[in-house]
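Beneath this line is the structure, given in structure tokens, with notes to follow.
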Amino acid sequence: MAETNLSIDDFIVPLFVRDGISEPEPISSMPGVVRFPVEYLPKVVQSHVELGLKQFILFGVPSYKDDIASSAYARDGVIQRSLRLLKETFGESVLLYADECTDEYTSHGHCGIVKRQEKGYRVDNDESLKVHATIALSQAEAGADVVAPSSMMDGVVGAIRKALDENGFQETLIMAYSAKYASSFYSPFRDAAFSRPAFGDRRSYQMDPRNSSEALREVELDIEEGADIVMVKPAHTYLDVLRRVKESFPEYPLAAYHVSGEYSLLKAAALNGWIDEKSAVLEVTTAIRRAGADLIITYYAEQLAKWLREGVPF
Ligand code: PBG
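Start counting the sequence shown at 13; every next residue gets the next number (our numbering).
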């Protein structure tokens, strides 16, 4: 009589790829998660494929940063090389998502182009759209099946859809980080990707945690602009938003991002022996599905795949 079930097909595996390293590097605030060198990817993806996992989202740590994120759209950039290598190796048997943003690739660490003003700085929304479209196009050219804009710039989905369509990538999908909250739970990710903003914060473009009707407006706009998959992020702390989005837009695939800080909370408690990791992670992940998510981006994907094979306690 169970109304909700987890399946390996629900999971998207996040992978960090770093330029210029020769061995995997552990991330101290995310025990169990590492940054990989590009050359390791075929082996890593193969071991996931053997568990039944087929969907991967790539995050890049480039060899250099500047003010315009040029390492995010370079032909030989870390993500472009990774995508090409994985598509050559696995072809259509894997679905590759490319996170599309500038924060890991800019010296200031913001999700767009920063302009100096009389008083301090601001992220220039419309100026940023060009660079986001350029990055997305270079990812599609390198083999991304899905580009995933995570900047929350207004109009970014439409700008990317237009650039893709005009250049022969009508079939490349867009997964929009539609309702992405300005959350403290991204902190370990910013260690992992070296993307902590050098000044200011992201509250001028990410969402206010007090709002949920606004999330519906953000999702609606992204759908109008051409999003194929919409997302709520974080997941565990925003189950109510997931439910509202699913009820308002039932015909669209809904992704939930179980983010770095949500992972690390569970991991830390498990490492201390304060919770049983398997049952706690299965319960949280099931709750995200029950709230309405069709797809879950989770650092626990590999572990979940193994647990599902062993058989779950409920
Ligand atoms: C931005 C991006 C972020 C995450 C995914 N894409 C970070 C941010 O807004 O600072 C966070 C993911 C996580 O915490 O696991 N490129």
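By construction, the Cβ of each residue, glycine as well, lies at the ideal position given by its N, Cα and C atoms.
- [ ] Specify the secondary structure class of Ala268 as computed by DSSP and reduced to three states.
- [x] strand
TODO: Go ahead and pull the three-state DSSP assignment for Pro43.
DONE: coil
- [ ] Put Arg96 into one of helix, strand or coil per three-state DSSP.
- [x] helix
Open item on the list: Taking only three categories from DSSP, how would you classify Tyr133?
Closed with: strand
Open item on the list: Using only CA atoms, which one of Ala110, Val293 and Val242 lies nearest to Tyr189?
Closed with: Val242
TODO: Look at the Cβ atom of Val159, then the Cβ atom of Ala110, and state whether they are nearer than 8 Å.
DONE: yes
TODO: Kindly indicate which residue of Asn223, Arg128 and Asp252 has the alpha-carbon position closest to the one of Gly304.
DONE: Asp252
TODO: Apply the 10 Å Cβ neighbour rule to Phe333 and answer buried if 16 or more other Cβ atoms are within range, or exposed otherwise.
DONE: An answer regarding residue 333 cannot be provided, because it is not within the stretch 13 to 326 covered by the chain.
Open item on the list: Measuring straight from C-alpha to C-alpha, what distance separates Tyr269 and Lys131?
Closed with: 35 Å
Open item on the list: Taking 7 Å as the cut-off, is the beta-carbon of Tyr117 closer than that to any non-hydrogen atom of the ligand PBG?
Closed with: no
Open item on the list: For a test of your reading of the model: does the CB of Phe206 fall under 7 Å from any non-hydrogen atom of the ligand PBG? Yes or no.
Closed with: no
Task: Beta-carbon proximity check, Val73 vs Ala154, cutoff 8 Å - done: no
- [ ] Could you check the C-alpha separation between Glu116 and Lys77 for me, to the nearest Å?
- [x] 8 Å
Open item on the list: Determine whether the beta carbon atoms of Leu27 and Phe68 lie at a separation below 8 Å.
Closed with: yes
Open item on the list: Quick check on the burial criterion: 16 or more other C-beta atoms within 10 angstroms. Buried or exposed for Arg93?
Closed with: buried
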